[in-house]
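Undergrad: Here it is, the structure, as structure tokens.
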Amino acid sequence: MVNPVLKRALETWGEQAQMMMVVEEMSELMKEILKNVNRHKENINQIIEETADVEIMLEQLKENYHIEEKVKDYKAEKIKMIEQRLNEWDKNNKAV
Ligand SMILES: [Mg+2]
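The sequence shown stops at residue 108 when you use the numbering used here, and every number in between is there.
This is the structure we're talking about:
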């Protein structure tokens with residue numbers, strides 16, 4: 013269930029503005045990740061802030077497209093697939 017404040021933000025500022033904010037916040041997080049990984053910058057506080065921003069905007073995206081349940085189901089399936097791949101990886105990379 014979407015946070016009521018975030019639902020209100022979507023209703024107040026509208027689909028177009030909020031979906032553009034999703035993209036904007038994702039690009040801010042990408043930038044901080046790149047600084048951290050590529051330039052070894054100590055920017056964990058920026059990563060925390062931008063991760064929170066992205067999560068806030070993803071909640072609004074799910075509300076906007078009414079896809080919260082489907083995303084949850086898909087995510088559960090993907091996690092199962094990752095687990096299978098990890099199990100395969102472990103089996104193939106065990107020290108002999
Ligand atoms: Mg931001």
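Yeah, the Cβ is synthetic: ideal placement off N, Cα and C, and Gly gets one too.
Helix, strand or coil: which one does DSSP assign to Met31?
TA: By one-based count along the sequence shown, residue 31 stands at place 19. Residue state, collapsed to three classes: helix.
Undergrad: Using a Cβ-Cβ cut-off of 8 Å (strictly less than) and excluding sequence neighbours within five positions of Glu67, which residues of its own chain qualify?
TA: For the purposes of this step, residue 67 is taken as the residue at position 55 of the sequence shown. If we look at Glu67 and ignore the five residues flanking it on each side, it has no Cβ neighbours.
Undergrad: Assign Glu54 to one of three DSSP states: helix, strand, or coil.
TA: The residue labelled residue 54 in the question sits at position 42 within the sequence shown. If DSSP states are grouped into helix, strand and coil, Glu54 belongs with coil.
Undergrad: For Glu62, which residues from the same chain have a beta carbon less than 6 Å from its beta carbon, with the 5 sequence-adjacent residues on both sides left out?
TA: Taking the sequence shown and counting its residues from 1, the one referred to as residue 62 is at position 50. Taken in chain order, the residues that qualify are Glu40, Leu41 and Glu44.
Undergrad: For ligand 1, I want to know if Glu62 counts as a neighbour, meaning its beta carbon is within less than 7 Å of at least one of the ligand's heavy atoms.
TA: Here the question's residue 62 lines up with position 50 in the sequence shown. Indeed, a heavy atom of ligand 1 lies less than 7 Å from the Cβ.
Undergrad: Touching or not, the stretch 51 to 60 and the stretch 90 to 108, by the rule of three or more beta carbon pairs under 8 Å?
TA: Contact fails: fewer than three Cβ-Cβ distances are below 8 Å.
Undergrad: Please state the DSSP three-state secondary structure of Val66.
TA: On the sequence shown, position 54 is the one that residue 66 refers to. In this structure, Val66 counts as helix in the three-state DSSP scheme.
Undergrad: Can you round the beta-carbon distance between Leu22 and Asn76 to whole angstroms, since I take them to be within the 8 Å contact cut?
TA: Numbered from 1 along the sequence shown, position 10 holds the residue referred to as residue 22. Numbered from 1 along the sequence shown, position 64 holds the residue referred to as residue 76. That belief holds up - the Cβ atoms of Leu22 and Asn76 are roughly 6 Å apart, short of 8 Å.
Undergrad: How long is the line joining the alpha carbons of Leu98 and Lys84, rounded to whole angstroms?
TA: Working through the sequence shown from its first residue, we reach residue 98 at position 86. Working through the sequence shown from its first residue, we reach residue 84 at position 72. Whole-angstrom Cα-Cα distance: 21 Å.
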